[in-house]
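Chains as they are written, first to last, in this note's numbering: chain A, 574 to 868; chain B, 8 to 364. We put the CB at the ideal spot given by N, CA and C, even for glycine. These numbers come from a predicted model, not from an experiment. Structure first, commentary second.
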């Protein structure tokens, strides 16, 4: 195996992995604040991408306006979902909450496709497809942009969690009963986490929409996003970024080794295997908090 | 309808642990059973074949998932993969020349073995993490199915099911298929009805409530978790095999994809965890209502002279299916079984319901 080729695989894998992180950050935000595994994140990503495309190509707004408007819409949608659906199931067993988010995912996907149809649409961000060469290594520009967005969001959230409302969210994540008793509005905090996750979904939807087209395949990112979130620890944003890079590299390099052996399509298998191994060996992930259960 | 609890007094433990504690329940069940038996004679064969038959088989499958999720409390998002194992082993066995009675049992046992692998995940983790692991296992199984032509039947990835024959009789008529499905569903229902009266059922409930606490009481949660997974997988395997033998006639990997796993879990949860009658309702709601709504929308738009996009029409059932899950969970998180229970309890003592307070 050529070392340069290996480096190319690893670097591009890491960049793709950062795009998975973009998706996983949304999952982590919600899990952190309310311990809810948001399996509707795939549906939200799809809605975000479709809304931006609809604003840009159907209404005719320029992209720099369409993306913020889409983000505002999704912010409201996320808040609304928490208010209407999740709040009423607070404190219920996790199986019901899991099913609720799965139902939401199916509903969002169905409604989006019923409105805009299933044909793939293009995002057209205006990033050139010219290859970028770093020495001998070929790098895709859009992946680089996406990775930049992921890092940017990570930094933004790190700063946010030091602000007043960010500290409130951290308090809720730590102990919502105690937060309640000192006058923090837990409901508002959890709603805010859903709204922020929906905004992150717009970012993920726009970047992934540019890469693979805006269609229902966007919601299939869920398994990869979940794997990244679990590997990094479900309540750690730093974990999501690091685990994204790790998974991206394992996936890209591993599938290059495995594909000739099993006849292609080993990416799904690698991702599923990483998820199973993570849960079996270290369920709380790389940076997650290890909860102790008491009888 | 009139105070049906009248005259019902349980004076000893044997009478208190009957399946039907109130004669009214028993009579209702017997009545529904008779309707089920008579269905081929009072129902057009189209309805029998395309609604009743899948409803019954999916109910049997959902009851199996209810055993592991509702009774033993272990989340399972890979149920369709276990059904696939049963379906494929049974059909391969039948194609090999094994009589169908044994082929079905082989399918069930093969499912039990593979399904018990899922249990090893349950021994390490629970709750959300168990759900994620079983989901990942479902993806692995899907991958194995689609990538091994020896199992899935060559390049077209479809496997023709041989003619179903039970007890020396070839079964080819709609009525015959229906009775096979009906018989299997009744068998599973009787098993589940008796489960809660046995030590096994009580042990599973103890494990569900808190496995550590169950262990302190002397219930071997390790053993019961594996047992729950193996039993439910057996039901899944036979249901999957029957589904292909009487309904699809052709096994294909996408019949047992991850969406199907989610669908069965939705049936169980919408029906109500641990509720047998609820599983019947849940399957009916999830399986039949989206198509029904689509028919109404299509008919309504035609009657009103509105033009609805073909693609919109194609995706409405999915949106309705998702909305149904969300709405039922918001109205009654314990599912349709609980709603039925509330109505039943009210009617049971009507018109003397003030006596209960």
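Review point. How long is the line joining the alpha carbons of residue 371 of chain B and residue 736 of chain A, rounded to whole angstroms?
Key: Since the first and last residues shown for chain B are 8 and 364, residue 371 of chain B lies out of range.
Practice item. Could you tell me the boundaries of the alpha helix (DSSP H) in which residue 834 of chain A lies? Key: Taken as a continuous stretch (DSSP letters only), the alpha helix (DSSP H) holding residue 834 of chain A covers 810–835.
Review point. Going by beta carbon distance, what residues of the same chain come within less than 8 Å of residue 583 of chain A, once the five residues before and after it are set aside?
Key: Closer than 8 Å at the Cβ level, and outside the excluded window around residue 583 of chain A, lie 822, 825 and 826.
Check your understanding: Can the beta-carbon of residue 165 of chain B be found less than 8 Å from the beta-carbon of residue 259 of chain B?
Key -> Result yes, Cβ atoms of residue 165 of chain B and residue 259 of chain B sit closer than 8 Å.
**Study point:** Which of helix, strand or coil DSSP assigns to residue 705 of chain A
**Key:** Here residue 705 of chain A sits in strand by DSSP.
Review point. Going by beta carbon distance, what residues of the same chain come within less than 8 Å of residue 364 of chain B, once the five residues before and after it are set aside?
Key: Confidence at residue 364 of chain B is low in this model, with a pLDDT of 49, below 50, so the placement of that residue is unreliable and no value is reported for it.
Check your understanding: Could you give the distance in angstroms between the alpha-carbon of residue 702 of chain A and the alpha-carbon of residue 779 of chain A?
Key -> Rounded to whole angstroms, the gap between the alpha carbons of residue 702 of chain A and residue 779 of chain A is 16 Å.
Review point. Can you list the residues of chain B that residue 535 of chain A reaches, using a CB-CB cut of under 7 Å?
Key: No statement about residue 535 of chain A is possible, as the shown extent of chain A runs from 574 to 868 and does not include it.
Practice item. Taking only beta carbons into account, state which residues of the region 143–159 of chain B come closer than 7 Å to chain A, listed in chain order. Key: Here the close residues are 143, 144, 146, 147, 150 and 154.
Practice item. Could you tell me the distance, in whole angstroms, from the CA atom of residue 221 of chain B to the CA atom of residue 40 of chain B? Key: Using only the alpha carbons, I get a separation of about 37 Å.
Point to revise | Partner residues on chain C for residue 841 of chain A, Cβ-Cβ distance less than 9 Å | key: Although the question refers to chain C, the structure presented lacks it and instead comprises the protein chains A and B.
**Study point:** residue 176 of chain B, DSSP secondary structure in three states
**Key:** Shown here, residue 176 of chain B sits in a strand according to DSSP, grouped into three states.
Review point. Using a Cβ-Cβ cut-off of 8 Å (strictly less than) and excluding sequence neighbours within five positions of residue 135 of chain B, which residues of its own chain qualify?
Key: If you ignore the 5 residues before and after residue 135 of chain B, its C-beta comes within less than 8 Å of the C-beta of 82, all in its own chain and listed in chain order.
Practice item. Measure the CB-CB distance between residue 294 of chain B and residue 195 of chain B and report whether it falls below 8 Å. Key: Cβ distance not < 8 Å, so residue 294 of chain B and residue 195 of chain B don't count as in contact.
Check your understanding: Under a Cβ-count criterion, where at least 16 other Cβ atoms within 10 Å of its own Cβ denotes burial, should residue 225 of chain B be classed as buried or exposed?
Key -> By the Cβ-count criterion, residue 225 of chain B is exposed, with fewer than 16 other Cβ atoms from all chains shown falling within 10 Å of its own Cβ.
Practice item. Taking residue 239 of chain B and residue 124 of chain B to be in contact with their CB atoms under 8 Å, please state how far apart those CB atoms are, rounded to whole angstroms. Key: At roughly 13 Å, the Cβ-Cβ gap does not stay under 8 Å, so residue 239 of chain B and residue 124 of chain B are not in contact.
Point to revise | Closest Cα partner of residue 873 of chain A within the set A:665, A:831, A:809 and A:704 | key: A question about residue 873 of chain A goes unanswered here, because the residues of chain A that appear run from 574 up to 868.
**Study point:** Contacting positions in the region 810–833 of chain A - beta carbon closer than 8 Å to chain B
**Key:** From the region 810–833 of chain A, no residue has a Cβ closer than 8 Å to chain B.
Practice item. Check the Cβ of residue 610 of chain A against every Cβ in chain B and list those closer than 9 Å, keeping chain order. Key: Those within 9 Å of residue 610 of chain A in chain B are 135, 138 and 139.
Check your understanding: Does residue 227 of chain B come within less than 8 Å of chain A when only Cβ atoms are used?
Key -> For residue 227 of chain B, the nearest beta carbon of chain A is not closer than 8 Å to its own beta carbon.
Review point. Helix, strand or coil: which one does DSSP assign to residue 257 of chain B?
Key: Residue state for residue 257 of chain B is assigned as strand, using DSSP reduced to three classes.
Check your understanding: Rounded to a whole number of angstroms, what is the C-alpha to C-alpha distance between residue 714 of chain A and residue 699 of chain A?
Key -> Residue 714 of chain A and residue 699 of chain A have their C-alpha atoms spaced approximately 11 Å apart.
Review point. Since residue 39 of chain B is in the alpha helix (DSSP H), which residue starts that stretch and which ends it?
Key: For residue 39 of chain B, the enclosing alpha helix (DSSP H) begins and ends at 30–49.
Review point. Does the region 622–631 of chain A come close enough to the region 798–812 of chain A to have 3 or more Cβ pairs within less than 8 Å?
Key: No: the two stretches stay apart, fewer than three of their Cβ pairs being nearer than 8 Å.
Practice item. Would you kindly check if the distance between the Cβ of residue 139 of chain B and the Cβ of residue 803 of chain A is under 8 Å? Key: It is a contact, given that the beta carbons lie within the stated cut-off.
Check your understanding: Which of the residues in the region 247–261 of chain B, read from start to end, lie with their CB under 8 Å from any CB of chain A?
Key -> So nothing in the stretch comes that close.
Practice item. Kindly indicate which residue of A:836, A:597 and A:596 has the alpha-carbon position closest to the one of residue 154 of chain B. Key: Cα-wise, what sits closest to residue 154 of chain B is A:836.
Review point. How far does the beta strand (DSSP E) with residue 648 of chain A in it reach, from first residue to last?
Key: Annotation for residue 648 of chain A: no beta strand (DSSP E) segment contains it, though the alpha helix (DSSP H) segment containing it runs 636–657.
Check your understanding: Is residue 338 of chain B buried or exposed, if buried means 16 or more other CB atoms sit within 10 Å of its CB?
Key -> Exposed is the call here.
Review point. Excluding sequence positions up to five away, which residues of its chain have a Cβ less than 7 Å from the Cβ of residue 684 of chain A?
Key: Answer for residue 684 of chain A: no residue qualifies.
Check your understanding: Does the Cβ of residue 708 of chain A have 16 or more other Cβ atoms within 10 Å, making it buried, or fewer, making it exposed?
Key -> Residue 708 of chain A comes out exposed.
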